[in-house]
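To keep things clear, I will list the structure first and then write my remarks on it.
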Amino acid sequence: MGRSLIEKSKEHLWLPFTQMKDYDEHPLIIESGDGIKLKDINGKEYYDGFSSVWLNVHGHRKKELDEAIIKQLGKIAHSTLLGMTNVPATELAEALIKISPEKLTRVFYSDSGAEAMEIALKMAFQYWKNIGRPEKQTFISMRNGYHGDTIGAVSVGSIELFHDVYGPLMFDSFKAHVPYVYRSESGDPDECRDECLAELEQLLMEHHREIAALSIESMVQGASGMIVMPEGFLSGVRKLCTTYDVLMIVDEVATGFGRTGKMFACEHESVQPDLMAAGKGITGGYLPIAVTFATEEIYSAFYDDYEKQKTFFHGHSYTGNQLGCAVAIENLRLFESENIVTQVAEKSKVLYSLLQDLNTLPHVGDIRQLGFMCGIELVQSKETKLAYPSDWRVGYQVSLKMRELGMLTRPLGDVVAFLPPLASTVEELEAMVSIIKQAIDKVTSREF
Ligand code: PLP
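Residue numbers for the sequence shown follow numbering that gives the first Met the number 0, beginning at 0 and rising by one.
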């Protein structure tokens, strides 16, 4: 007998966002998936309560998606997009533009959400150079923001735990607050929104001449704890960007493709971004395709004779991969034929009622939700909102308990993130919320 898979994983793998000492204590190897469940190598089944990191739409092994890849394989797996295109990349571009906010007319492909954001930042930077305003060189980014893990994306990110260590490598950007109503002094969404918008306006008044763009997650700050923006905030930011002539980069990597009950979350506030990054759900959770959308105005600023040096010199080896684009096209077709976005909007009302039941638990401080994007903030004291000491790792303990009870998700500190696949049925949602409740109850009622 050779070494077990678990031994091999412990010997050779280095996993993302993972303290490997934790992995060694609690190893897990997934072997297969079906519908919204995953199965490990020992045959234990788990609900995919985080959509395999926020991207699964129709469940695993969706027949139509499997077949789209097989069909494309019969033609070609990959050819480059440098200086040429391919059939599915071209067709997907048209399909994407049809469903995206009206002013976005161009798509630039990449392989991950972080890259889609890097591209948006570089496009914004070069746009101003290309139109003869090179003084606009810096950015405004949001506190508690997260846009991925490459250095540009980290530079406009602001989550202490993930980002501080790379401080010396980052470029500077001005930071503005996004309302975090639960943790605000007043606890009043309108007041909190107005304060943040006033702070942002001050920043723009003082610095707009040097600012190329503002980057912001759309409607929900995901990685920092599913912080849902109060009504009127994102549209308020849009207005300020327009007034002060600053491009607005909206990050829809987590929120796009139906996750919040709209195809793109900025539709909740009729916001038209200048640049928009998307990824994750674009292929239904099958293959790594991401995309940066741009307006025609931005695209036109790069379009000229070669000698004018306005070309956007950016690209990746696998950009526009045919297999990924083919499955994305089928995914979008299923969005329409299975009415996914409306279904999510409807089912999220049921999910809202289910989640309210968690309020009966003594350590559930706040429940936040937009569509199928939910965060349950655990606190030591509900009355004072006192957070647990971070080294108690309560969120992590809850996720391990959920694993034991048959559901996978990853905590965001002491926020339990719940992002079920968009095709989850009401019965499945009930079963998953019941596991969350049991796990929180069991962990938070014990002595630490
Ligand atoms: N932007 C947001 C808002 C995200 O939530 C994420 C990932 O969770 C990213 C960007 C990075 O995407 P990727 O992991 O595909 O690089």
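Glycine included, C-beta positions come from ideal geometry on N, C-alpha and C.
Between the CA atoms of residue j and residue i - distance to the nearest angstrom
{"i": "V270", "j": "I96", "result": "16 Å"}
{"i": "Y285", "j": "L91", "result": "15 Å"}
{"i": "S352", "j": "V425", "result": "11 Å"}
{"i": "N51", "j": "G224", "result": "Residue 51 is actually Ser in this sequence, not Asn. Taking the straight line joining both Cα atoms gives about 17 Å."}
{"i": "K441", "j": "T259", "result": "30 Å"}
{"i": "T254", "j": "G144", "result": "13 Å"}
{"i": "M406", "j": "I75", "result": "37 Å"}
{"i": "K135", "j": "G166", "result": "22 Å"}
{"i": "D163", "j": "Y387", "result": "21 Å"}
{"i": "V397", "j": "M116", "result": "32 Å"}
{"i": "F417", "j": "T408", "result": "7 Å"}
{"i": "F161", "j": "V180", "result": "23 Å"}
{"i": "V363", "j": "S389", "result": "16 Å"}
{"i": "E335", "j": "L385", "result": "44 Å"}
{"i": "V393", "j": "T443", "result": "8 Å"}
{"i": "Y45", "j": "R402", "result": "7 Å"}
{"i": "H25", "j": "K121", "result": "40 Å"}
{"i": "K346", "j": "T383", "result": "33 Å"}
{"i": "K7", "j": "H59", "result": "25 Å"}
{"i": "F373", "j": "G131", "result": "Per the sequence shown, the amino acid found at residue 373 is Cys instead of Phe. One C-alpha to the other measures close to 44 Å."}
{"i": "K62", "j": "G34", "result": "10 Å"}
{"i": "G283", "j": "K436", "result": "28 Å"}
{"i": "I29", "j": "E251", "result": "28 Å"}
{"i": "S78", "j": "K309", "result": "25 Å"}
{"i": "M262", "j": "I366", "result": "23 Å"}
{"i": "S172", "j": "S109", "result": "24 Å"}
{"i": "E200", "j": "E427", "result": "44 Å"}
{"i": "S183", "j": "Y22", "result": "35 Å"}
{"i": "N338", "j": "S3", "result": "44 Å"}
{"i": "E306", "j": "G323", "result": "34 Å"}
{"i": "V340", "j": "L354", "result": "20 Å"}
{"i": "V236", "j": "G257", "result": "22 Å"}
{"i": "L203", "j": "A197", "result": "10 Å"}
{"i": "N320", "j": "Y395", "result": "36 Å"}
{"i": "I40", "j": "L27", "result": "8 Å"}
{"i": "R445", "j": "K43", "result": "26 Å"}
{"i": "C240", "j": "G186", "result": "26 Å"}
{"i": "G48", "j": "D189", "result": "32 Å"}
Extent of the continuous beta strand (DSSP E) run through residue i
{"i": "C265", "result": "Premise fails: C265 is in no beta strand (DSSP E) and is neither H nor E."}
{"i": "T452", "result": "Outside the displayed span of the chain (0 to 447) sits residue 452, for which this structure offers no information."}
{"i": "S214", "result": "I210 to E216"}
{"i": "V414", "result": "V414 to F417"}
{"i": "Q136", "result": "Run containing Q136: none; DSSP gives neither H nor E here."}
{"i": "D163", "result": "No beta strand (DSSP E) contains D163, which DSSP labels as neither H nor E."}
{"i": "E30", "result": "I29 to D33"}
{"i": "Q473", "result": "The first residue shown for the chain is 0 and the last is 447, placing residue 473 beyond what the model contains."}
{"i": "Y45", "result": "E44 to D47"}
{"i": "E376", "result": "M372 to L377"}
{"i": "L421", "result": "Unbroken run through L421: none, as it is neither H nor E."}
{"i": "A277", "result": "L274 to A277"}
{"i": "A88", "result": "Looking at the DSSP string, A88 is not in any beta strand (DSSP E); the run it does join, the alpha helix (DSSP H), is V86 to I98."}
{"i": "I248", "result": "L246 to D250"}
{"i": "F173", "result": "F173 to A175"}
Run of the alpha helix (DSSP H) containing residue i, from where it starts to where it stops
{"i": "Q342", "result": "I339 to Q355"}
{"i": "K436", "result": "V425 to T443"}
{"i": "L103", "result": "Careful: L103 lies outside any alpha helix (DSSP H), inside the beta strand (DSSP E) at L103 to S109."}
{"i": "L196", "result": "P188 to H206"}
{"i": "M122", "result": "G112 to N129"}
{"i": "I150", "result": "I150 to S154"}
{"i": "L333", "result": "Q321 to S336"}
{"i": "V393", "result": "V393 to L404"}
{"i": "K74", "result": "Looking at the DSSP string, K74 is not in any alpha helix (DSSP H), and its letter there is neither H nor E."}
Contact check, residue i vs residue j, beta carbons under 9 Å
{"i": "V56", "j": "G280", "result": "yes"}
{"i": "A175", "j": "V219", "result": "no"}
{"i": "K38", "j": "S31", "result": "yes"}
{"i": "M275", "j": "A94", "result": "no"}
{"i": "Q368", "j": "V227", "result": "yes"}
{"i": "A89", "j": "Y298", "result": "Contrary to the premise, residue 89 reads as Thr rather than Ala in this sequence. Contact: no."}
{"i": "A211", "j": "F311", "result": "no"}
{"i": "A289", "j": "S154", "result": "no"}
{"i": "T149", "j": "E114", "result": "yes"}
{"i": "K70", "j": "A325", "result": "yes"}
{"i": "H267", "j": "E216", "result": "no"}
{"i": "I158", "j": "L213", "result": "no"}
{"i": "A222", "j": "Q342", "result": "no"}
Quiz item: Would you call the stretch 410–420 and the stretch 314–334 in contact, with 3 or more CB pairs under 8 Å?
Solution: They do not touch, by the three-pair rule.
Quiz prompt | By C-beta, the residues closer than 5 Å to any heavy atom of the ligand PLP, given in chain order | solution = That query returns the following residues: S111, G112, A113, H146, G147, E216, G221, D250, V252, A253 and G278.
Quiz item: When the Cβ atoms of the stretch 288–295 are set against those of the stretch 372–386, are three or more pairs found closer than 8 Å?
Solution: Touching, no, given that fewer than three Cβ pairs across the two stretches are closer than 8 Å.
Quiz prompt | the stretch 239–250 in contact with the stretch 200–213 per 3-pair CB rule at 8 Å | solution = Flag = yes, the stretch 239–250 and the stretch 200–213 touch.
Quiz item: Does the pairing of the stretch 310–319 with the stretch 139–156 give three or more beta-carbon distances under 8 Å?
Solution: Put simply, the stretch 310–319 does not touch the stretch 139–156. Fewer than three CB pairs are less than 8 Å apart.
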